[in-house]
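Everything below concerns the one structure shown next.
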Amino acid sequence: MSARKWLARPELGVVAAVVAAWLFFAVTAGDSGFLTLSGTASYLAIAAELGILAAPVALLMIAGEFDLSIGSTMAASGMTIALCTTELGWPLWAGIAAAAALAACVGLANGFIVTRTRLPSFIVTLGTLFILAGGTIGTTRLITGRTQVGGLEEAGGFGTAQKLFAGQIGPFSITLLWWLGLTALATWVLVRTRPGNWIFAVGGAPDAARRLGIPVDRVKILLFMTTALAACLVATFQTVQFRGTDVLRGTGKELEAILAAVLGGTLLTGGRGSVVGAACGALLFGMVQQGIVFSGVDSDWYKVFLGAVLILAVLLNSSVQMRAAEARR
Amino acid sequence: MSARKWLARPELGVVAAVVAAWLFFAVTAGDSGFLTLSGTASYLAIAAELGILAAPVALLMIAGEFDLSIGSTMAASGMTIALCTTELGWPLWAGIAAAAALAACVGLANGFIVTRTRLPSFIVTLGTLFILAGGTIGTTRLITGRTQVGGLEEAGGFGTAQKLFAGQIGPFSITLLWWLGLTALATWVLVRTRPGNWIFAVGGAPDAARRLGIPVDRVKILLFMTTALAACLVATFQTVQFRGTDVLRGTGKELEAILAAVLGGTLLTGGRGSVVGAACGALLFGMVQQGIVFSGVDSDWYKVFLGAVLILAVLLNSSVQMRAAEARR
Amino acid sequence: GRGERASATTRDSSVRAHFAVVTHGQASDPFWSVVKNGIDQAAKDMGVKVTYQAPQTFDMVAMSRLIDAEVARKPSGLIVSVPDPSALARSLLAARDAGIPVISINAGGAEARKMGALLHIGQSEYDAGKAGGERMAKEGVRHAICVNHEVGNISQDERCRGFLDALEKVGGKGRVLAVNATSPTDTQQKIMAALTPDVDGIFTLGPPGVHPALAGLRQANRLGTVKVATFDLSPDVLAAVRDGQITFAIDQQQYLQGYLSVVLLAQYTRHGLLPAAEAIPTGPSFVTKENAAAVIDASKKGIR
Amino acid sequence: MRVYASEILCVLGDNGAGKSTLIKTLSGVHPPDEGRLLVDGEPVRFSSPRDALARGIATVYQDLAMVPMLSVVRNFFLGAEPTRGVWPLRRLDLREAEEVVRAELKRMGIELRDMSAPVSALSGGQRQALAIARAIHFGARVLVLDEPTSALGVKQAGIVLRYVMEARTRGCGVILITHNPHHAHMVGDRFTILSRGRCEGTFTKAEISRDELVRRMAGGEELEQLQHELRAS
Amino acid sequence: MRVYASEILCVLGDNGAGKSTLIKTLSGVHPPDEGRLLVDGEPVRFSSPRDALARGIATVYQDLAMVPMLSVVRNFFLGAEPTRGVWPLRRLDLREAEEVVRAELKRMGIELRDMSAPVSALSGGQRQALAIARAIHFGARVLVLDEPTSALGVKQAGIVLRYVMEARTRGCGVILITHNPHHAHMVGDRFTILSRGRCEGTFTKAEISRDELVRRMAGGEELEQLQHELRAS
Ligand SMILES: Nc1ncnc2c1ncn2[C@@H]1O[C@H](COP(=O)(O)OP(=O)(O)OP(=O)(O)O)[C@@H](O)[C@H]1O
Ligand SMILES: Nc1ncnc2c1ncn2[C@@H]1O[C@H](COP(=O)(O)OP(=O)(O)OP(=O)(O)O)[C@@H](O)[C@H]1O
Ligand SMILES: [Mg+2]
Ligand SMILES: [Mg+2]
């Protein structure tokens, strides 16, 4: 690819913002561990989980829909794993399979309702969010009388699962590998396959897509299932690593994932976006979050910095893009 | 207006949903106080505050922008009133004026950043949300060492303010009158004045609006200021009525207001919507929320019902609209 | 006054009594989950009907509206937590004026009594935090992190405030670390980022903080050298206390707050009986290595 | 109304006569309220444009059915992308696609600097040419064109008309909607005139002269008066 | 390039020649990279379309600049709504507005059932007619039309051309962009030919014949060959 084409990439801005944030924290918090290996590992671990959610969320948003239910899908999936293993005595892998099946059903239901009724997905998935969150709380308390379930390490197959979902490679979490792999896969699907082409069309001009014979509804349903399965995967990471789960796991992750996607240049109105951008958005978010802690800002003022750094990052992002657009002409 | 025109109104669906929700709770929770005057007053009080937020939020959404910062604007405004009166010893009215000035500045800043940088308002106002929320916590703790401030009743002018902002008319809260008045005003502005026409154009076809000489940026900035001032007004209600405030007041109100607007038929992508619809959306939300409490559903399962009723209401809403659209032809 | 009102409410005791509970914490919160278990058990034991309500977030306005709705349903008794007396005053006075007997639990105390509450069952969060701080100080901790998973929630803020005050008294210092209760990964990484070499103690406000704290220490190889203590119990917490990873856990015995409030309200509405005390303290009690194993079973059942 | 293979049916009518609506019914966007649709003599009911495409009916809509933010190449092949490799490694064959598009556009006399530029950067006429090239490329049996020449210059319009005739030669049926009776008469075999949603009759080329066609479209005498006025002023 | 009052300047050029871009520069949508813009002899720099409008330059864009979800009446008056009452009670005068629109559309030979229907329900031609009616109604001194007749039938096109001539009679300068050299030659006083973003020369009506114009637009001999082919087949 020529230099001009690289300049035209939508991710350029967010990459610049990531570099700027890194430099900022390297200067302000460099001596308190931000630059160490374990410091780097700490924000990468946050970015990895968020990034795994943000990739399918970006695809869904490019196709013009939202999924607000991924946070509570995480809670429901994690609790399914925990309950199946501790209460029913299933091996861990069976629990994970059950959770994945549940997540797939949730995604299917979301997609089905959205495409059939043409209701805004914002509302439909908000409804699913409530139903799943409430269902998780109600079921868990009914069965265990508590809101936390632990003791997963006694389940069969925990050892292998731990290596796969919660292992460490040096100081780095294995989720990093998952993140890289899934980002590469999602990027490939988006820019190099037919379904990827359709995703852009479905979000950019739904009527045109329909007239050209693209199975708009099927594309959307599959994307809703993908976001739900990604939520289940992240829930699996957390449940295995922390050997248990609670009913509030994942609350608010949906907004973080949307934020990461938008930071990475995905349009809220659909039709444009990139998976690599979403990954960079997740990295930026994780770096800012951890960087503030490293720089020792008082908890009371934490959010002020988060907000300010966010706005500055996006400003930098957009000004770089504008420069690039001018250079292109 | 003819019957055909009434059928064509976008609010028809949400009105039907409100009626259905009322009937549902009248049957399931009628004997436990839902139908009493005080029961009615209790959901109307919730709907009134939400509705006052939802009206300007609907206008802003019609113009194609979001404001996620109204929740923390509420916290900041309320705390400004409380700190000015209890710490600085100002009379209550001066505190309210200071809060309004703060809110206007927040709105101005939001609007200015969004229109100047062309960044998505979702991100910009999320940044403002963090900054304001953190700033409120930090400042309050710095000054008072606590997160709650009370004792407003000792401030000068509290009596009149209480009549105006927190009075009762029989069992009903005076905020109901404010709601009705502001909804009528916003409706009039939207459908009967030039700026109202511009709001639709700005959201529906921004390029066309710009080419026709509509001051797109000014319209948006004013709308951001309106949402912030509405947040300040609601914060004033709450601060005066509860004689104090805390730093978390208003958290999540931004999403409830957007939800109310969308329930009332406002498009997330801008260009279409109605203030009366948003008011009905707020009424529906308040009624459902309180109705579930009246029907004595266990709190473990509360959210399941909330989600289910939401989806059902929107389904009814859209099917009524479809019928109406068919009848029109 | 008390006797009169009692006789007024005993009259309709032939109908099945209905109590309403409104607190500032949802049953999805592990702490309040135990409170609710106590309530549900007492409802079964006493043969009364109890509903439990709480706002979605720490929201005093929403909470007062919930109390209003419950008062409109005319319950035979009301159990409330009162974290912000001035904000809830109007609703509580309305309950009193409607002749509904009120018991405050968890938070409230004297302030709630002024607004007509018959009795308070619970502990002072500040005092409990302070007791925790004193005990940590005794263990030799001087530089501590107070992990707050709900900044702005007055109960949690008070716990950290008491803890830090106690630590300061012995010349130590501490820092509040705000974390996200719903994401253990984020919480763990944040704790690790705040874990500078001089830190020798971590005080968490509940299980959402303590598991990530342990995982972080394990990963940083400082498990054992950094002392960990926490509020509130769970089977995992107790196992960690038993194994010596956690120095102690502060228990409010909040099950009693739920259980006793319903029992006492039932006795009061039926027979006009009421303990001759203004407050029944339920905590703080400390769970340490010695007694941890004994309460694990209770914790598994959601009683502790 | 009928279209046979190897013939061009022109549909003419006033603005708002229902031409675009008719097209949308034919191509499966809207289901018809009444009336039947016969393909090869058997009645069909298209439930989606995909069905119509599968029957070999390709359409150029008046609003072109383009995705503004996608590139020229991707728009051209949208819904029928060429792929290579086998699942799960099946991927777009972008190089081949680009060559096809470049060739097709060149045949229409249009050369683009950058095939990966988004369609929104093209001029109105370039966009229309792209849509037509796409339909012709994929139009297996019936080609439906809604005002294909309206945004085109004389040269491109001429090229499009030549294409239309080429399609007929290849045995394809063409439904051409146009406002330009000159164009219509030049290439059409039969002519259907629509007015306010009703069919006003179908004529073969032998039955109707160009002037008659112009007059009918313009609403009879009115036009003559107009032309008179225009000359006079 | 100059436009005087009371004359019609036609701009002709191939697809993608830069006609729409030129128009957008003239009307203040894009600032020009180079070159100057003179109004009444003094150089101006429009920073927004509002400035251009204030100078009396009204434009019909090729993509029409309509808000699809707003009603016909509201689109017509968008940005220049008639009001009555005094602030703060100043409100839209919808009744008067509706009458004006009805009258203007009637003059163009278009009658709509429901003036409060959204513009998105109109046909392509009706929409274009509305945009033209709007520009003519508000076009104080210079009227800029980008392909006004392309989506119109013979009758409506005739009406539009008559309007354009009427505007000239009223002392208005008109810039007309069109692909139809017949239309252009019928009404234009001077002709500018654009090609690949450059001006290829301006001619008065006396200097250039219709056939010459057609040929130039089509790229010289190529067209003749084409017409020949079309005839032949
Ligand atoms: N002077 C110029 N220099 C460089 N590029 C130009 C110039 N004018 C126009 N362009 C580019 O040419 C492309 C098409 O321009 P435009 O839309 O103005 O064509 P047009 O003449 O209106 O064509 P049509 O008749 O098909 O509508 C645009 O991408 C534009 O950026
Ligand atoms: N058969 C019909 N019966 C009733 N209404 C119709 C019918 N056909 C079309 N209409 C209506 O007429 C309006 C314009 O139709 P359409 O867009 O098809 O016009 P058109 O012939 O394509 O015009 P143009 O040449 O200007 O594009 C639409 O609102 C459509 O709903
Ligand atoms: Mg048409
Ligand atoms: Mg053009």
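Chains as they are written, first to last, in this note's numbering: chain A, 145 to 473; chain B, 145 to 473; chain C, 1324 to 1627; chain D, 245 to 477; chain E, 245 to 477. Think of the CB as a built atom: it goes at the ideal place given N, C-alpha and C, for glycine as much as any other residue.
Could you check whether residue j and residue i sit closer than 7 Å to each other, using their CB atoms as the reference points?
i, j, result
"Thr-217/A", "Ala-375/A", "yes"
"Ala-207/A", "Leu-322/D", "no"
"Val-201/A", "Leu-407/A", "no"
"Pro-293/D", "Gly-357/A", "yes"
"Gly-1456/C", "Leu-1490/C", "yes"
"Val-458/A", "Thr-327/A", "no"
"Ala-309/D", "Arg-355/A", "yes"
"Val-384/B", "Ala-305/B", "yes"
"Ala-161/B", "Asn-461/B", "yes"
"Ala-1517/C", "Ile-1569/C", "no"
"Phe-368/B", "Gly-255/B", "yes"
"Pro-154/A", "Gly-409/A", "yes"
"Ala-173/B", "Ser-439/B", "yes"
"Lys-263/D", "Ile-380/D", "no"
Measure from the alpha carbon of residue i to the alpha carbon of each residue in the options, then state which is nearest.
i, options, result
"Glu-480/D", "Gly-272/D, Met-409/D, Ser-367/D and Ala-428/D", "One cannot answer for residue 480/D here, as it falls past the ends of chain D, which runs 245 to 477."
"Ser-126/B", "Leu-263/A, Gly-451/A, Ala-173/A and Gln-292/A", "Lying before the first or after the last residue shown, residue 126/B is absent from chain B, which here runs from 145 to 473."
"Phe-1562/C", "Ala-1599/C, Thr-1505/C and Lys-1612/C", "The amino acid occupying residue 1562/C in the given sequence is Ala; Phe does not appear at that position. For the residues Ala-1599/C, Thr-1505/C and Lys-1612/C, the minimum Cα distance to Ala-1562/C belongs to Lys-1612/C."
"Arg-1627/C", "Arg-1593/C, Leu-1579/C, Ala-1600/C and Leu-1583/C", "Leu-1579/C"
"Thr-1548/C", "Lys-1372/C, Ile-1525/C and Ser-1351/C", "Ile-1525/C"
"Ala-401/E", "Ile-376/E, Pro-326/E and Leu-297/E", "Ile-376/E"
"Leu-276/B", "Cys-424/B, Ala-219/B and Thr-259/B", "Ala-219/B"
"Thr-284/B", "Val-335/B, Ile-267/B, Gly-303/B and Val-391/B", "Val-391/B"
"Asp-1407/C", "Ser-1478/C, Ala-1395/C, Val-1357/C and Asp-1574/C", "Ser-1478/C"
Please tell me whether residue i has its Cβ less than 7 Å away from any Cβ of chain D.
i, result
"Met-145/A", "At Met-145/A, the pLDDT of 45 sits below 50, so the modelled position is not reliable; the number obtained from the coordinates is stated separately. It does not: the Cβ of Met-145/A has no partner Cβ on chain D nearer than 7 Å."
"Phe-256/A", "no"
What span of residues does the beta strand (DSSP E) with residue i cover, start to end?
i, result
"His-1594/C", "Segment 1577-1594 is the alpha helix (DSSP H) holding His-1594/C; no beta strand (DSSP E) there."
"Ile-1603/C", "1602-1604"
"Thr-303/D", "301-304"
Is there a Cβ from chain E that is less than 7 Å from the Cβ of residue i?
i, result
"Thr-337/B", "yes"
"Ser-439/D", "no"
Applying a beta-carbon distance threshold of less than 8 Å, which residues of chain H neighbour residue i?
i, result
"Lys-1624/C", "No chain H is present in this structure, whose protein chains are A, B, C, D and E."
Counting only C-beta atoms, is residue i closer than 7 Å to chain A at any point?
i, result
"Glu-155/B", "no"
"Glu-343/D", "no"
Span of the alpha helix (DSSP H) holding residue i?
i, result
"Lys-268/E", "263-270"
"Ile-196/B", "181-206"
"Asn-1429/C", "It is not in any alpha helix (DSSP H) - Asn-1429/C instead sits in the beta strand (DSSP E) that spans 1425-1429."
"Ser-1622/C", "1615-1623"
Taking only beta-carbon atoms, is residue i less than 7 Å away from chain C?
i, result
"Leu-392/B", "yes"
Beta-carbon of residue i versus every beta-carbon of chain B: anything under 7 Å?
i, result
"Thr-281/A", "Note that residue 281/A is Ile in the sequence shown here, rather than Thr. Chain B, which has a Cβ nearer than 7 Å to the Cβ of Ile-281/A, makes this yes."
"Gly-415/A", "no"
* Runs of alpha helix (DSSP H) wholly within the region 369-426 of chain D (minimum 4 residues, chain order) -> Listed in chain order, the complete alpha helix (DSSP H) runs (minimum 4 residues) inside the region 369-426 of chain D are 398-413.
* With a floor of 3 residues, list each beta strand (DSSP E) that falls wholly inside the region 368-405 of chain B, ordered by position along the chain. => List check, beta strand (DSSP E) in window: 388-390.
* 3-residue-minimum beta strand (DSSP E) runs that sit fully inside the region 277-327 of chain B, ordered along the chain -> Scanning the region 277-327 of chain B for uninterrupted beta strand (DSSP E) segments of 3 residues or longer gives 292-294, listed from N- to C-terminal end.
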